[in-house]
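Q:
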Ligand code: BG6
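Numbering (the numbering used here), first residue to last: 18 to 527.
1) Would the C-beta of residue 514 count as close to ligand 1, meaning under 8 angstroms from any of its heavy atoms?
2) Residues in the same chain with beta-carbon distance under 7 angstroms from residue 471, minus the five sequence neighbours each way, listed in chain order, please.
3) When you compare each of 139, 125, 99 to residue 22 by their alpha carbons, which one comes out closest?
4) Thinking residue 123 and residue 86 are a contact (beta carbons under 8 angstroms), I'd like their distance in whole angstroms, please.
5) Less than 8 angstroms between the CB of residue 218 and some heavy atom of ligand 1, yes or no?
6) Rounding to the nearest angstrom, what Cα-Cα distance links residue 413 and residue 185 in this structure?
7) Distance check for residue 169 and residue 24, CA to CA, integer angstroms please.
8) Counting pairs of Cβ atoms below 8 angstroms between the stretch 305-317 and the stretch 338-358, do you hit three or more?
9) Three-state secondary structure (DSSP) at residue 297?
10) Flag residue 242 as yes when its Cβ comes closer than 8 angstroms to any non-hydrogen atom of ligand 1, and as no otherwise.
11) Looking at residue 332 and ligand 1, is the gap between the Cβ and the nearest heavy atom below 8 angstroms?
12) Under 8 angstroms: does the beta carbon of residue 265 sit that close to some heavy atom of ligand 1?
13) Measuring straight from C-alpha to C-alpha, what distance separates residue 484 and residue 474?
14) Give a single yes or no on whether residue 139 has its beta carbon closer than 8 angstroms to a heavy atom of ligand 1.
15) According to the neighbour-count rule (16 or more other Cβ atoms, all chains shown, within 10 Å of its Cβ), is residue 343 buried or exposed?
16) Is the closest heavy atom of ligand 1 to the C-beta of residue 174 under 8 angstroms?
17) Closest to residue 242 by C-alpha separation, out of 425, 146, 366, 205, would be which residue?
18) Is DSSP giving residue 181 helix, strand or coil here?
19) So, at 7 angstroms on beta carbons, what are the nonlocal neighbours of residue 498 in its own chain, with the 5 sequence-adjacent residues on each side left out?
20) Please determine whether the Cβ atom of residue 262 lies at a distance below 8 angstroms from any heavy atom of ligand 1.
21) Kindly examine ligand 1 and report whether one of its heavy atoms sits closer than 8 angstroms to the Cβ of residue 361.
22) Using the beta-carbon count (16 or more within 10 Å), is residue 302 buried or exposed?
23) Counting only the same chain and skipping the five closest in sequence on each side, list residues whose C-beta sits under 6 angstroms from that of residue 526.
24) Just the Cα atoms here: how many angstroms apart are residue 458 and residue 332?
25) Taking its Cβ as the centre, do 16 or more other Cβ atoms sit within 10 Å of residue 29, making it buried, or is it exposed?
26) How would you label residue 10, buried or exposed, when you count the other beta carbons within 10 angstroms and need 16 or more for buried?
27) Below 8 angstroms on the Cβ atoms is my guess for residue 128 versus residue 48; work out the distance and round it to an integer in Å.
28) Quick one: is the Cβ of residue 314 within less than 8 angstroms of any heavy atom of ligand 3?
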């Protein structure tokens, strides 16, 4: 492991939900794992008036409630707490930023943070521009190459809401920062199984020869959630599932599954390959959008004990909103490897299970010998990459049921992180904050990568504006609108999870 240099982290949006639930607990876990540098300071920045002590108390409570490992080691936490400070100010105020700059110089003297700063933007997207401008005007912005300490900026999603706004944001960032200083977060890339996808593909020789259109029938990517939009209606109603989930998390999974082997495992080579994937995705013409993409909206009902009066009744949602809370899409990657292989993607709120999973479905054997004796077809092989929960990988094969008869059943060979390594995988943010501290951009989105992903999304959004089909209502606790089932079933395939019975034991009589 490289060691993180001394640094101060500044969290903009310090009193927000993400900071409380994820960022502060991640810093604690990093300290516990000895991944936080000895010379470290934390400065929270947000609009809420608070003293240093009040902020420390807030952070302490956040760690108590959300730390991954319990009980909390008070000695570890108190080390961070002693170096924690707070500044309240408007995000676009030069005066407040100058105060921040002064505080950071104080931190350099007191904690030896050596001029190194990690500015973490955990704020709504409307604040990005004022913060970036202030960072540019009021703080030095050296790269590590200058030898005067480094300044890096970490940006939470959404990174723009279309191609144009993503380009504008990139341009603004590049006014003050070199691309090597910009860390655009997609927390899915910090998840252990997502990284394991690369290990699985490129550290094992059995996959590469069959990883193409000749052997793979199709790929399914499902990211389902059991909750609704909760208190985030204001943000979500302007975004929708396509922008909120597909453009980033699902596309990242798709890119890692489908990209060509990189020439090296470094940030440039890996991100080059992902950009090529986005550029190869067949563009969906706006007029054909409903043939390839289905949108849904949850109605009133109940799922997993959570009740809702329906999306349209959620707080801060427009009463006649057409924003989708579910999306299913059929995409093609037009390159040599994937020619004609559909990638089915779906995500939604208020679905029956919280699940993030990639299913690679292989073609059936060319001659299904057993079919002659079976009424139902032998089930195709699946490779299931489970990102959450129960992180791991599972192979679905056909096996003979013991006994005198030739009965075949789909069986699973499972690799589970928890039981194999006897550890809970770390939270995505622990890995990502550490990588930003050591300057490794591999698990962050490059500027051109964000733009290439938006270029796929824009025609779909445009198509929806023109489409006569409104989002189809679905009941909470189901796998989304009926049209989402049809999207895949009309191709003679079906979703791995669809509410139907699991595949039956195939009984064959000899
Ligand atoms: C966020 C989205 O990026 O990811 C949320 O904005 C979503 O709408 C969340 O709930 C899902 O993340 P995870 O890690 O819980 O799958």
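The beta carbon of each residue, even a glycine, is placed where N, CA and C say it ideally should be.
A: Taking the geometry as given:
1) Not one heavy atom of ligand 1 is found less than 8 angstroms from the C-beta of residue 514.
2) For residue 471, where only same-chain residues beyond five positions count, the Cβ hits under 7 angstroms are 177, 179, 180, 183, 264.
3) Closest in alpha carbon position to residue 22, among 139, 125, 99, is 125.
4) With 8 angstroms as the limit, residue 123 and residue 86 do not qualify as a contact, their Cβ atoms being about 32 angstroms apart.
5) No - ligand 1 has no heavy atom lying nearer than 8 angstroms to the Cβ of residue 218.
6) Computed Cα separation, rounded: 46 angstroms.
7) Their backbone Cα atoms lie some 10 angstroms apart in a straight line.
8) Yes: at least three Cβ pairs fall under 8 angstroms.
9) Residue 297: helix per DSSP, three-state reduction.
10) Yes; taking the cut-off as 8 angstroms, the Cβ of residue 242 has a heavy atom of ligand 1 nearer than that.
11) It does not: the Cβ of residue 332 is nowhere closer than 8 angstroms to a heavy atom of ligand 1.
12) Yes, the beta carbon of residue 265 sits closer than 8 angstroms to at least one heavy atom of ligand 1.
13) In this structure, the alpha-carbon of residue 484 lies about 15 angstroms from that of residue 474.
14) Outside the cutoff, so no.
15) Note on residue 343: 16 or more other CB atoms within 10 angstroms of its CB, so buried under the neighbour-count rule.
16) Yes, since a heavy atom of ligand 1 falls inside the 8 angstroms radius drawn around the Cβ of residue 174.
17) If we check each option's Cα against that of residue 242, 366 comes out closest.
18) If DSSP states are grouped into helix, strand and coil, residue 181 belongs with the helices.
19) Taking C-beta separations shorter than 7 angstroms and ignoring five residues to either side along the sequence, the partners of residue 498 in its chain run 311, 313, 343, 489, 491, following chain order.
20) At a threshold of 8 angstroms, residue 262 counts as near ligand 1, since its beta carbon sits closer than that to one of the ligand's heavy atoms.
21) No; taking the cut-off as 8 angstroms, the Cβ of residue 361 has no heavy atom of ligand 1 nearer than that.
22) Around the beta-carbon of residue 302, fewer than 16 other beta-carbon atoms lie within 10 Å, marking it exposed.
23) Only weak support exists for where residue 526 lies, its pLDDT of 43 falling under 50; the value from the coordinates is given anyway. Same-chain partners within the cutoff: there are none.
24) About 37 angstroms.
25) A buried status is given to residue 29, since no fewer than 16 other beta-carbon atoms sit within 10 Å of its beta-carbon.
26) No information on residue 10 is available, as it lies outside the stretch 18 to 527 that the chain covers here.
27) The C-beta separation of residue 128 from residue 48 comes to about 14 angstroms, leaving the pair out of contact by the 8 angstroms criterion.
28) Ligands displayed in this structure: ligand 1; ligand 3 is not among them.
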